[in-house]
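2 protein chains.
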Amino acid sequence: MIKIVTAQLDIIPGNIRKNWENIEKEITFAREQKAQILVFPEMCLSGYLIGDMWDQPAFLRECEAYNQRIIDASSNLTIIWGNVAIDWEKTGNDGRVRKYNAAFAAFNKKLIPPVNSNWPYTVKTLLPNYRQFDDPRYFTSMAELAAENHASIESTLQPFELPLPYTRETLTCGILLCEDSWDENYPIHPMEILKDKEARLFINLSASPFTLRKNEKRHRMLSASVQKLHVPMLYVNQRGMQNNGKDCYIFDGQSAAYTISGELSGETAPFTEAHSLFLFHPETGHLSISNQTSLPAAPTLCSAMQYGVASFLRSIHMDKVVIGVSGGIDSAVNAALYRSVLPKDNLLLVNTPTRFNSETTKGLARQLAENLECPYVSIPIGNFVQDTCSALNNLPIASSHGETALQLTPFMMENIQARDRSSRILAALSAQFHGIFTCNANKTELSIGYGTLYGDLAGAFAATADLWKYQIYQLGHELNDWFGREVIPEAIFTIKPSAELSDNQAVDKGLGDPLIYEYHDYLLKSFIEPWNRACPEDLLRWYKEGTLNEHIGTSVDAYSLFPTPSAFIADLERWWNLFSGFAVAKRIQAPPLLAISRRSYGYDLREAQMSPYYTDAYLKLKQEILGK
Amino acid sequence: MIKIVTAQLDIIPGNIRKNWENIEKEITFAREQKAQILVFPEMCLSGYLIGDMWDQPAFLRECEAYNQRIIDASSNLTIIWGNVAIDWEKTGNDGRVRKYNAAFAAFNKKLIPPVNSNWPYTVKTLLPNYRQFDDPRYFTSMAELAAENHASIESTLQPFELPLPYTRETLTCGILLCEDSWDENYPIHPMEILKDKEARLFINLSASPFTLRKNEKRHRMLSASVQKLHVPMLYVNQRGMQNNGKDCYIFDGQSAAYTISGELSGETAPFTEAHSLFLFHPETGHLSISNQTSLPAAPTLCSAMQYGVASFLRSIHMDKVVIGVSGGIDSAVNAALYRSVLPKDNLLLVNTPTRFNSETTKGLARQLAENLECPYVSIPIGNFVQDTCSALNNLPIASSHGETALQLTPFMMENIQARDRSSRILAALSAQFHGIFTCNANKTELSIGYGTLYGDLAGAFAATADLWKYQIYQLGHELNDWFGREVIPEAIFTIKPSAELSDNQAVDKGLGDPLIYEYHDYLLKSFIEPWNRACPEDLLRWYKEGTLNEHIGTSVDAYSLFPTPSAFIADLERWWNLFSGFAVAKRIQAPPLLAISRRSYGYDLREAQMSPYYTDAYLKLKQEILGK
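Going down the list, the protein sequences come from chains Z and C.
In terms of the UniProt record's numbering, the first sequence is residues 1 to 628.
In terms of the UniProt record's numbering, the second sequence is residues 1 to 628.
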């Protein structure tokens with residue numbers, strides 16, 4: 001039996017010194033456990049999402065210096081870890097110094113190179129280059145190394161023969177880096193290559209961002225792989241939060257054991273466990289977690305969001321939060337979410353009503369604050385907004401054609417209200433409160449730019465901006481369950497969603513947002529989340545075929561919502577024009593968000609500011625349908 | 001003599017239909033010229049910077065449909081063009097349908113495949129993956145194709161034998177796509193391969209974004225290549241503007257001829273020429289532009305900025321602009337820049353003084369507007385700001401510890417002023433004026449976050465945000481030259497730069513920004529622009545060695561600015577902390593900018609929000625120097 005400790009390090013991106021401190025602690029722990037092998041995740045010194053910090057040579061030198069510290073700490077313990085490896089003599093395709101996303105093994109203060117390898121470490125073979133991933137931007141792959149040496153990848157990629165302390169034995173182990181085990185779309189299959197070289201255990205070092213339902217896919221995929229190859233696998237992931245600017249990702253730290261039968265035989269709890277002791281029986285291939293009787297529950301939407309919000313605040317060294325609460329669902333869910341990870345006095349809830357805000361929602365905002373036991377203020381902004389409107393409406397402008405007066409329309413006055421709330425009140429209050437203020441946007445709004453720049457789209461963090469409206473409600477219910485009581489009043493779930501910026505949005509008259517969320521959530525989702533993204537051409541074809549509901553996954557009947565084809569088309573074009581038009585400009589200036597879906601706005605979905613486009617096939621279909 | 005027309009298409013990204021219309025016009029023009037070959041640039045139907053639009057299958061089908069239209073239009077004319085090629089049977093590494101960045105040739109309504117090729121087109125071999133470039137995210141390279149077929153790139157990459165209408169001859173031509181000719185850092189050298197296959201002319205189809213001095217590098221590089229290989233080259237670039245969200249790039253459309261002696265023998269004028277007639281003498285290898293007696297002048301900073309601003313406005317279908325003018329240099333340069341591309345009545349200049357704004361700057365703002373003959377309004381904001389401060393200062397908050405009062409500091413009041421200007425006044429006025437409002441930030445400010453989110457960092461476009469402060473002055477002088485008179489008053493160049501947000505920033509007392517621009521421009525530049533970016537460790541080492549001035553390129557003596565090492569270190573850490581700390585958060589929400597430098601913020605420099613880091617080597621050096 002081999003004792004393997006995995007350290008699901010809580011990585012601080014870019015902070016090598018701090019990550020080393022935690023590595024050192026885990027080395028001490030592993031020794032105490034008399035572990036033979038200690039495994040750290042991919043890029044455990046630098047962090048994985050650090051942007052273009054890779055082109056600072058001083059940072060690279062620091063990565064190398066601390067790499068040596070890990071080697072020096074390997075007395076009587078085999079340590080495996082991920083770090084950048086640098087070949088100062090060679091360059092990458094960008095002309096900068098050559099870097100590899102590498103895995104190292106050390107024992108008794110010496111590196112253990114892979115068997116028959118030209119390099120003292122192994123190199124990530126498959127470099128992901130989709131969604132938020134940019135590995136080939138920075139790193140040279142094992143496949144490129146093989147090609148450069150006119151060698152096959154089969155002869156280049158090698159397993160490690162790991163010394164087993166307290167014995168005279170070794171273990172032949174295939175060490176993989178994250179994507180190396182997600183090989184279904186690549187021409188190269190690293191696990192197959194390593195299996196053919198007698199690997200008796202795969203260890204995958206990962207920095208795999210959490211998104212909803214991704215672990216289910218991983219379990220399916222890795223189970224199938226180990227079953228097929230008859231080699232068990234130990235998967236080790238990071239914890240913590242890292243970001244690429246626009247998108248903040250959490251890492252679940254769910255290390256896992258897969259046996260040769262394809263069974264998930266052990267898994268660490270999400271977000272919480274710094275380290276775990278796995279037991280491996282080389283003779284049977286059995287791999288499990290010590291003392292684990294049942295698998296932990298998968299993260300819920302609520303637990304993932306809580307971890308995300310807490311991690312983000314920690315990452316920016318802030319623990320005080322100002323939240324504008326309108327009495328609607330989005331701000332209520334944000335308030336409850338932050339409250340679930342912060343002491344009550346660290347929140348300041350602010351209601352900023354005008355005459356358009358109903359007594360209903362004002363009352364609900366106050367009720368929410370009382371339920372959450374948070375400081376609460378109401379600052380009516382009607383007079384300020386009125387003063388601004390009076391000052392600007394009919395403003396005379398002298399041009400070469402004579403004097404004209406600039407009119408303010410009701411729509412412009414709505415935006416003035418929204419900006420007054422955020423840029424005047426919340427921004428100032430957050431500074432006074434020594435905290436941040438939140439952006440409470442959801443993904444539905446962000447998709448179509450239903451929000452005001454420098455208004456409700458402002459804030460330091462948009463925790464819920466990757467959640468569709470239906471997920472906002474789901475999170476609200478999960479939060480009430482978490483609190484064990486109705487902190488978000490039931491009426492907030494049932495009231496008509498509304499911006500309450502004009503008489504046309506009066507909730508008490510059942511007026512509100514121009515969206516039928518039960519349908520539009522799914523329509524908009526089809527624009528962004530499927531691997532092959534839908535365009536109006538696809539949607540209109542499905543509509544014509546009668547398959548629209550199934551294709552987009554809505555449970556309401558689109559055909560009864562839009563009694564005529566022309567109503568369907570007008571609605572489709574309205575939202576497509578916004579989605580691919582002005583909403584892009586708004587998203588460029590939107591706050592960072594907590595990425596949780598299979599495709600989030602920001603660095604995951606990369607967007608250019610362009611004009612909406614309709615294909616010829618769409619225009620033809622439209623003409624056929626409308627009979628013009 | 002072979003007549004070749006190049007079309008420097010003004011590409012509208014994502015608008016295939018519109019690009020086709022322009023292609024059709026150029027085909028007509030080429031026929032009128034009795035040209036034998038017509039060359040379009042890389043990705044001439046789709047545009048090059050279109051973000052993740054590549055994962056919309058409907059868009060790909062549209063690219064294919066219009067590709068056929070070009071083929072069908074090739075009667076008696078050999079047409080060469082760049083477009084995406086799709087292999088619907090295969091997938092890329094992301095599992096999506098396989099796409100190539102390809103070059104096509106057609107004659108008499110049929111594709112002309114490369115000689116001895118498995119494919120009816122050629123495929124880009126070198127896919128750039130640095131700065132703003134993401135080619136491998138979308139496209140499979142010729143090198144990957146070769147590897148997949150277990151063939152060498154040498155046997156895979158093939159030239160075209162192009163029919164020459166009006167003759168029975170053909171021309172063996174190596175067609176390259178952009179980066180294929182920028183091969184200095186790659187292990188593969190496409191031009192050498194094609195030269196060995198008897199190519200008598202290289203034609204490079206490009207979508208190469210303009211940045212300052214990049215063309216000089218291109219001339220050096222391509223001259224050296226053609227001289228070495230003894231094959232002349234025709235280089236064809238796009239015109240127009242494309243963006244990736246945060247960064248807007250202009251394309252200069254400077255097509256060029258390089259003879260075998262390495263001479264730049266012909267070049268089209270920047271930004272303006274839709275098409276040009278080149279003459280190629282295959283017997284001598286001579287290549288030139290018809291009727292060109294001298295090379296055009298290179299773009300100036302001013303002409304590039306004017307093209308950028310005009311193109312951006314056109315791209316968002318806006319032609320009216322509101323500019324906040326303070327009387328300082330940044331807003332003055334922006335006002336003159338926009339005025340140089342817009343009719344006078346399409347600008348609205350707005351001064352929004354408080355008691356901190358001097359008569360000097362208020363007068364200069366008014367003078368500027370008079371010089372530019374633009375509509376101008378002054379809207380004092382002091383009372384509004386005072387009302388906000390009165391409402392928020394000492395705001396009582398009831399927490400579980402009792403009641404506390406939230407204080408407003410003078411610094412918070414500065415930010416309130418800045419937000420009041422932009423989010424309250426300019427945002428509303430721009431809507432009333434049916435236009436946008438500008439962000440007048442410069443790169444120095446953006447580097448350290450010296451600006452207020454939702455305040456002076458707001459706006460639809462930050463035209464000058466990729467210019468260091470010294471370049472802002474340069475652009476100002478170039479604009480006055482362009483106007484042929486001092487539209488920007490001389491005093492605006494000489495006044496102390498200041499935000500005028502407090503008594504500590506009184507320009508008439510010589511008080512202002514906390515930066516010594518002559519030094520800090522270059523310090524901050526070293527953090528971002530060199531290919532190997534500098535860190536405090538490098539800067540402190542240079543300081544100690546006495547080589548700091550040369551390394552960062554400042555003309556002022558850093559050693560006399562900072563009389564003691566500890567003063568130097570305090571200054572260095574102050575700006576590094578901002579640059580790599582809070583300024584990143586501000587940049588994430590900053591407006592799109594006009595990218596013009598060798599490294600711009602946004603999608604070119606990808607940044608994660610992290611805490612500032614100092615390497616061990618820095619800390620050690622600091623300790624040595626400070627003797628502690």
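From the three backbone atoms N, C-alpha and C, an ideal C-beta is built for every residue, glycine too.
Note that the structure is a prediction, hence the values are computed from the model and not measured.
Counting only beta-carbon separations shorter than 8 Å, does R245 (chain C) have a partner in chain Z? In the sequence as displayed, the identity of residue 245 (chain C) is Gly instead of Arg. Yes, contact with chain Z.
Hey, does residue 632 (chain C) have any beta-carbon neighbour from chain Z nearer than 8 Å? Given that chain C is displayed from residue 1 to residue 628, the structure contains no residue 632 (chain C) and the question cannot be resolved.
Rounded to a whole number of angstroms, what is the C-alpha to C-alpha distance between N351 (chain C) and E373 (chain C)? 15 Å
Closest by CA to D196 (chain C), which one among C:K586, C:G476, C:T172? C:T172
Between which two residues does the beta strand (DSSP E) containing H219 (chain Z) stretch? From DSSP, H219 (chain Z) is part of no beta strand (DSSP E) but of the alpha helix (DSSP H) over 214 to 229.
Less than 7 Å between C-beta atoms, sequence neighbours within five positions excluded: which residues of the same chain meet that for P396 (chain C)? If the five residues before and after P396 (chain C) are omitted, its C-beta is found closer than 7 Å to the C-beta atoms of E403, A405, all from its own chain and listed in chain order.
Nearest-angstrom Cα separation, counted from C63 (chain Z) out to P113 (chain Z): 19 Å
Report the neighbours of K344 (chain C) on chain Z: residues whose CB is nearer than 7 Å to its CB, in chain order. S400
Do the CB positions of residue 659 (chain C) and V556 (chain C) come within less than 8 Å of each other? Past the boundaries of the shown model lies residue 659 (chain C); chain C is included only from 1 to 628, so the question cannot be answered.
Given K362 (chain Z) as reference, the closest of Z:A558, Z:L392, Z:I329 once Cα atoms are compared: Z:I329
Start and end residues, beta strand (DSSP E) containing Y235 (chain Z): 233 to 236
V377 (chain Z) at chain C interface by Cβ criterion, 8 Å: Taking CB atoms only, V377 (chain Z) has a neighbour in chain C less than 8 Å away.
Option in C:A465, C:Q292, C:H219, C:L205 with minimal Cα separation from L45 (chain C): C:L205
Positions along the region 41 to 60 of chain C whose CB lies within less than 9 Å of some CB in chain Z: G47, L49, I50, G51, D52, M53, D55, Q56, P57, A58, F59
Suppose the cutoff is 6 Å on Cβ atoms and the five residues either side in sequence are ignored; what does the same chain contact list for I27 (chain Z) look like? Non-local C-beta neighbours of I27 (chain Z) in its own chain, meaning closer than 6 Å and more than five positions away in sequence, comprise A73, ordered along the chain.
Helix, strand or coil for F107 (chain Z) per DSSP? strand
May I ask you to list the residues that DSSP assigns as paired with I250 (chain Z)? Z:M241
The alpha helix (DSSP H) spanning T167 (chain C) covers which residue range? T167 (chain C) -> no alpha helix (DSSP H), and no H or E assigned at all.
Where the alpha helix (DSSP H) containing E144 (chain Z) begins and where it ends: 142 to 148
Nearest by alpha-carbon distance to S290 (chain C): which of C:V309, C:P270, C:S265 is it? C:S265
Measuring only between beta-carbons, confirm whether W468 (chain C) sits less than 8 Å from chain Z. For W468 (chain C), the answer is no, since every Cβ of chain Z falls outside 8 Å of its Cβ.
Return no unless some Cβ of chain C is closer than 8 Å to the Cβ of E62 (chain Z). yes
Would a check of beta-carbon distances place A583 (chain C) closer than 8 Å to chain Z? no
Any beta carbon from chain C within less than 8 Å of F433 (chain Z)'s own beta carbon? yes
Can you grab the Cα-Cα spacing for the pair P270 (chain Z) / C302 (chain Z), in whole Å? 12 Å
Residue from C:V325, C:L337, C:L621 with nearest C-alpha to S498 (chain C): Of the candidates C:V325, C:L337, C:L621, the one whose C-alpha sits nearest the C-alpha of S498 (chain C) is C:V325.
Spatial distance of Q367 (chain C) from G327 (chain C) (CA atoms): 9 Å
Using a 10 Å radius around the Cβ and a threshold of 16 neighbouring Cβ atoms, would you call W468 (chain C) buried or exposed? buried
Among C:T78, C:F40, C:E24, C:R98, the one whose alpha carbon lies nearest that of W54 (chain C): Measuring from the Cα of W54 (chain C), the nearest candidate turns out to be C:R98.
Within-8 Å CB hit, M412 (chain Z) to chain C: yes
Taking the runs of the beta strand (DSSP E) that are 3 residues or longer, which of them lie wholly in the region 378 to 402 of chain C? List check, beta strand (DSSP E) in window: 395 to 399.
For a cutoff of 8 Å on Cβ pairs, would you count L222 (chain Z) as touching chain C? no
Within the 8 Å Cβ cut-off, does N15 (chain C) reach chain Z? So, interface residue.
The alpha helix (DSSP H) enclosing E607 (chain C), as first and last residue numbers: It is not in any alpha helix (DSSP H) - E607 (chain C) carries neither H nor E in the DSSP assignment.
Give the straight-line distance between the Cα atoms of T452 (chain C) and R314 (chain Z), rounded to the nearest whole angstrom. 23 Å
Can you list, in chain order, the residues of its chain whose CB lies under 6 Å from that of A369 (chain C), leaving out five sequence neighbours each side? L349, Y376
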